Amino acid sequence: MRFTHHVFICENKRPDGDQRGSCCARGAEEVRRAFKDELARRGLKGRIRANGAGCLDACSQGPAVVVYPEGVWYGHVTAADVPEIVERHLVGGQPVERLRLRELEAGPKVAPPAAPARPRQDGWTR
Numbered sequence: 333m334r335f336t337h338h339v340f341i342c343e344n345k346r347p348d349g350d351q352r353g354s355c356c357a358r359g360a361e362e363v364r365r366a367f368k369d370e371l372a373r374r375g376l377k378g379r380i381r382a383n384g385a386g387c388l389d390a391c392s393q394g395p396a397v398v399v400y401p402e403g404v405w406y407g408h409v410t411a412a413d414v415p416e417i418v419e420r421h422l423v424g425g426q427p428v429e430r431l432r433l434r435e436l437e438a439g440p441k442v443a444p445p446a447a448p449a450r451p452r453q454d455g456w457t458r
């Protein structure tokens, strides 16, 4: 695997006055820059990737950040939180609980996949 983690930082912009707000208006660009700077400073740039993302649908809790492969979501992240996330989560393997958005980690309820179609006696499938 090329990267051990992918960090996506919502940088969605909405028009001024939009009641949902936007992560960009709450400092997401600074958060993304802080991740890139911190990863480079620690020599992790080739192992962990931080990218800006479009809307992650957590507008009221932004700036929102999601870390894969674990699928850990963070909200209200500031540039000052980034060194802690890098140290504790990305290096140490322990998510930063005070910033977690656990309600987003469960994901939507998805029906299990349908059983594969089986050939019938006449050659057709169901």
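Under this note's numbering, the first residue of the sequence shown is numbered 333, with each subsequent residue one higher. Quick reminder that beta carbons are idealized off the backbone N, C-alpha and C, glycines included. Note that this is a predicted model, so its numbers are computed, not measured.
Residue pairing of residue 381 in beta bridges, as defined by DSSP: 338. Its Cα nearest to that of residue 434, the residue 396 stands out among 350, 396, 343. Taking residue 422 as the centre and dropping the five residues before and after it, the same chain places the C-beta of 337, 380 closer than 6 Å to its C-beta, in chain order. Collapsing the DSSP output to three states places residue 398 in a strand. A direct Cα-to-Cα measurement between residue 428 and residue 384 gives close to 20 Å. Under a 10 Å Cβ-count criterion, residue 393 is classified as buried, with 16 or more other Cβ atoms of the shown protein chains found around its own Cβ.
Residue 355 places its beta carbon 8 Å or farther from that of residue 370. Residue state for residue 404 is assigned as strand, using DSSP reduced to three classes. Judged by beta-carbon spacing, residue 414 lies within the 8 Å limit of residue 366, meaning their Cβ atoms are closer than that value.
With 16 or more other Cβ atoms from the protein chains shown falling within 10 Å of its own Cβ, residue 407 counts as buried. Residue 382 counts as buried, since no fewer than 16 other beta carbons sit within 10 angstroms of its beta carbon.
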